[in-house]
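In the working numbering, the protein residues as written are 5 to 308.
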Ligand code: 3HC
């Protein structure tokens, strides 16, 4: 049976928006971390962002170790070859790991193929966690032979600063898997909450979807400007970011896929077309240099 003490090495799959932040948390907590993605450029970019974040935390005195010593625990792994097949390097990392946290794009087919491969190559009794934002854990777990070991571990952007982690129990997830994952989130310094109902979008993203959609309709109908809406959200509701600022920050594509996955599974919401328009024109927010606002240095953390 999995236990928190047996977990020494964690494989994080996906070095993008969420994955690099999760890898950072695991390394700060003292775990050896494999950070996997489809090519070296994405991994390099993820590692640079981890270094930037650690340097910020170090300046503020929040780290007990040097940035270099934390970075030395993170091992990059390229997980697919140019034909899209999983690599031997990735297979070896799976064999060596005691827990997996998946943070790849929000597509069920990709996640199921990955979980199937991990399941085939993993050690016994290893927890397979997914950072999915919206897809039911039960659907992802159905690709494995051990759905009792599959659990949702949903972080919020940016993982190093946001306290909440939703620990989601799929239909077949065991209580032990939930409690070990809860403890790992605690070891990462987070405040986990257990989500017992595996509904698409879980708790926070169901609330967030309506909030962003309402803001979007106000702009789309020409009632208020984006800046007016964001100013109201920030300076009246006292949120740390405006609605459009947050969409740009986390990625318009992320919210587009979250909304799509939830709607396809019965979540009722009349989608504002602005999100789809931005998605189709590849204006994805901070990472692409343009979203609802413009960013002179794509990918760098700059508030609009
Ligand atoms: N690591 C370390 N430091 C960071 C950082 C990171 N990842 N990101 C920002 N910082 C630093 C900034 O550089 C700045 O440092 P400085 O004091 O040296 O200038 C400091 O943190 C404070 O940043 P800001 O001045 O820009 O502003 P804030 O005080 O507002 O903090 C924030 C930034 C924590 C991102 C805050 O704006 C916030 O909480 N925003 C809302 C985020 C949110 O709602 N996330 C959830 C999104 S939904 C989601 O993730 C679910 C998914 O499924 C879609």
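C-beta: ideal position from N, C-alpha, C; glycine also.
If you keep only unbroken beta strand (DSSP E) runs of at least 3 residues inside the segment 81 to 163, you get 103 to 106, 131 to 134 and 154 to 158. Between the ligand 3HC and the CB of residue 25, the shortest heavy atom gap is smaller than 8 angstroms.
With a cutoff of 8 angstroms, residue 266 does not count as near the ligand 3HC, since its C-beta is closer than that to no heavy atom of the ligand.
Non-local C-beta neighbours of residue 75 in its own chain, meaning closer than 8 angstroms and more than five positions away in sequence, comprise 31, 51, 54, 55 and 58, ordered along the chain. For residue 21, no alpha helix (DSSP H) encloses it, and the DSSP letter there is neither H nor E. Taking C-beta atoms as the reference points, residue 26 and residue 117 fail to come closer than 9 angstroms. As the crow flies, the alpha-carbon of residue 61 is around 16 angstroms from that of residue 34.
Setting aside the 5 residues that flank it on each side, residue 70 is surrounded in the same chain by 62, each with a C-beta closer than 8 angstroms to its C-beta; the list follows chain order. In the three-state DSSP reduction, residue 198 falls in the strand class (E or B).
Check the Cα spacing between residue 174 and each of 129, 201 and 14: the tightest is with 201.
Boundaries of the beta strand (DSSP E) harbouring residue 40: 36 to 41, taken from the DSSP string. Residue 298 has 294 as its beta-bridge partners, per DSSP. Comparing C-alpha distances from residue 166 to each of 193, 155 and 211 shows the shortest one belongs to 193.
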